[in-house]
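>
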Amino acid sequence: MDEHLPPDDLDTSIEVAATLLAGARHAVALAGAGMSKESGIPTFRGEGGLWTTNGEPPMNQFDGFAADPKRWWERRLAEGVGAFAASIDSAQPNHGHRALAELEAIGVLGHLITQNIDDLHRRAGQRSITEIHGNRHWMRCLRCGQRWPREEFIVDPEDLPPHCDVEGCGGIVKSDTVMFGEMIPPAALDRCERETALADCFLTVGTSAVVYPAAGYPVAAVRRGIPLIEVNPEPTALSQFASVVVRAPSGEALPALVAAVRARLEASRT
Ligand SMILES: [Zn+2]
């Protein structure tokens with residue numbers, strides 16, 4: 127528990143976490159906005175967050191889209207890329223993103239659930255991934271759930287809204303980012319539940335764990351008796367349930383953690 131590990135004992139917490147991960151064959155990680163922030167992407171909530179400064183977007187954002195998708199698309203094409211979108215498009219994966227990809231490559235991390243929409247996990251080389259809030263570089267059909275990288279889906283401004291080209295579908299296509307008031311695609315939720323049920327160790331990184339359903343996965347793992355590792359510079363609602371808390375930014379903590387896991391795996395092979 128958190129109180130057994132004072133925040134200044136970073137090395138100890140990394141060693142404890144590395145021992146847990148080195149014994150895992152299908153760890154599952156949940157990543158949040160803290161990881162993106164370290165790549166220069168503004169957060170939504172909290173001090174200096176976009177919503178804290180500008181107010182939250184309307185909770186019925188998706189209803190607006192569904193009522194008139196043609197108008198939504200016309201506005202989007204006319205307005206172009208805003209400041210937030212521009213900061214995402216120029217962001218690069220950081221050491222934390224690369225460390226998670228490495229943890230997958232060495233056979234410890236089985237799946238990554240991310241709340242981030244910025245594509246940085248994929249670009250760092252992560253393969254087994256569920257983007258629970260979508261990916262702003264992708265498009266998605268609202269009827270069949272097919273997804274395409276944005277550059278592979280050509281939008282004809284004379285024929286809006288765009289429609290799905292999967293045979294027999296023809297559903298309306300929107301940006302893959304899950305809007306306020308829009309249901310998370312059921313296939314994504316199913317995958318998260320399946321992966322969480324398979325998890326033998328659970329890792330949360332840079333998430334305040336307040337947004338459901340994402341926040342429910344680590345709780346479900348803890349209920350099954352699975353160790354929970356939290357990597358976050360600030361205490362969160364999950365800290366009290368964690369087997370070990372690594373109180374540091376992910377870009378600093380994760381490379382050290384993965385190096386320690388690697389050392390244990392190599393030692394166990396010899
Ligand atoms: Zn479709």
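Mapping of the sequence shown onto our numbering: residues 127 to 396, in sequence order.
A virtual CB, placed ideally from N, CA and C, is assigned to each residue, including glycine.
The structure presented is a predicted model; accordingly, all values stated were derived computationally and were not measured.
So is Pro-283 buried or exposed if we call it buried at 16+ other beta carbons inside 10 Å?
Looking up residue 283 in the sequence shown gives position 157. It is exposed - the Cβ of Pro-283 has fewer than 16 other Cβ atoms within 10 Å.
> Hey, out of Ile-255, His-237, Val-234 and Pro-361, whose CA is closest to Asp-244's CA?
Within the sequence shown, numbered from 1, the residue matching residue 244 stands at position 118. Residue Ile-255 is the option with its Cα nearest to Asp-244.
> Using only the alpha-carbon positions, how far apart do Glu-308 and Val-331 sit?
Position 182 of the sequence shown, counted from the start, is the residue given in the question as residue 308. Position 205 of the sequence shown, counted from the start, is the residue given in the question as residue 331. Their backbone Cα atoms lie some 25 Å apart in a straight line.
> Under the criterion of a Cβ to heavy atom distance below 7 Å, does Val-304 qualify as lining ligand 1?
Position 178 of the sequence shown holds residue 304. Not so, every heavy atom of ligand 1 lies at least 7 Å from the Cβ.
> Beta carbon of Gly-260: closer than 7 Å to some heavy atom of ligand 1?
As a working mapping, residue 260 is identified with position 134 in the sequence shown. No.
> Ligand 1 and Gly-149: does the residue's C-beta get closer than 7 Å to at least one heavy atom of that ligand?
The residue given as residue 149 occupies position 23 in the sequence shown. Not so, every heavy atom of ligand 1 lies at least 7 Å from the Cβ.
> For ligand 1, is there any heavy atom lying closer than 7 Å to the beta carbon of Val-281?
Counting from one through the sequence shown, the residue named residue 281 turns up at place 155. It does not: the Cβ of Val-281 is nowhere closer than 7 Å to a heavy atom of ligand 1.
> I need the straight-line Cα distance from Leu-286 to Lys-196, nearest angstrom please.
Taking the sequence shown and counting its residues from 1, the one referred to as residue 286 is at position 160. Taking the sequence shown and counting its residues from 1, the one referred to as residue 196 is at position 70. About 5 Å.
> Looking at the structure shown, is His-124 part of a helix, part of a strand, or coil, going by DSSP?
With the chain running from 127 to 396 in the structure shown, residue 124 is simply not present.
> Over what stretch of residues does the beta strand (DSSP E) that includes Thr-240 continue unbroken?
To locate residue 240, count along the sequence shown from 1; it is residue 114. 235–240 is the span of the beta strand (DSSP E), which, as asked, contains Thr-240.
> For the beta strand (DSSP E) that contains Met-265, what are its first and last residues?
Indexing the sequence shown from 1 puts residue 265 at position 139. Here the beta strand (DSSP E) through Met-265 covers 264–267.
> Taking all protein chains shown into account, do 16 or more other C-beta atoms lie within 10 angstroms of the C-beta of Ser-334, making it buried, or fewer, making it exposed?
On the sequence shown, residue 334 is found 208 positions in, with the first residue counted as 1. It counts as buried.
> Does the Cβ of Arg-273 lie closer than 7 Å to at least one heavy atom of ligand 1?
Taking the sequence shown and counting its residues from 1, one reaches residue 273 at position 147. Arg-273 Cβ: outside cutoff for every heavy atom of ligand 1.
> Rounded to a whole number of angstroms, what is the C-alpha to C-alpha distance between Arg-388 and Arg-201?
Indexing the sequence shown from 1 puts residue 388 at position 262. Indexing the sequence shown from 1 puts residue 201 at position 75. The straight-line gap from Cα to Cα measures roughly 49 Å.
> Rounded to whole angstroms, what is the Cα-Cα separation between Met-305 and Ile-352?
Walking along the sequence shown from the start, residue 305 turns up at place 179. Walking along the sequence shown from the start, residue 352 turns up at place 226. Straight-line Cα distance between these residues: approximately 32 Å.
> By DSSP's criteria, Lys-300 is part of a beta bridge. Which residues make up the other side?
Numbered from 1 along the sequence shown, position 174 holds the residue referred to as residue 300. Partner(s): Arg-266.
> Please indicate yes or no: does the CB of Cys-267 lie closer than 7 Å to some heavy atom of ligand 1?
Translated into positions along the sequence shown, residue 267 becomes position 141. Checking every heavy atom of ligand 1 against the Cβ of Cys-267, one is found closer than 7 Å.
> Going by other Cβ atoms of all chains shown within 10 Å of its Cβ, with 16 needed for buried, is Ala-204 buried or exposed?
In the sequence shown, residue 204 corresponds to position 78, counting from 1. The residue is exposed, with fewer than 16 neighbouring Cβ atoms inside 10 Å.
> If distances are taken between C-alpha atoms only, which option among Thr-303, Trp-274 and Ala-193 comes closest to Val-292?
On the sequence shown, residue 292 is found 166 positions in, with the first residue counted as 1. Closest by alpha carbon: Trp-274.
> Using beta-carbon positions only, say whether His-263 and Arg-276 come within less than 8 Å of one another.
In the sequence shown, counting from the first residue as 1, residue 263 sits at position 137. In the sequence shown, counting from the first residue as 1, residue 276 sits at position 150. Closer than 8 Å, so yes.
> Looking at the strands, I want to know which residues DSSP matches up with Cys-405.
Lying before the first or after the last residue shown, residue 405 is absent from the chain, which here runs from 127 to 396.
> Assign Gly-166 to buried or exposed, taking buried as 16 or more other Cβ atoms, counted over all protein chains shown, within 10 Å of its Cβ.
If you number the sequence shown from 1, residue 166 lands on position 40. Label assigned to Gly-166: exposed.
> Hey, could you find the ends of the alpha helix (DSSP H) Pro-195 is sitting in?
Indexing the sequence shown from 1 puts residue 195 at position 69. Per DSSP, Pro-195 belongs to the alpha helix (DSSP H) from 195–205.
> With hydrogens ignored, establish whether the beta-carbon of Gly-307 is closer than 7 Å to any heavy atom of ligand 1.
Working through the sequence shown from its first residue, we reach residue 307 at position 181. Checking every heavy atom of ligand 1 against the Cβ of Gly-307, none is found closer than 7 Å.
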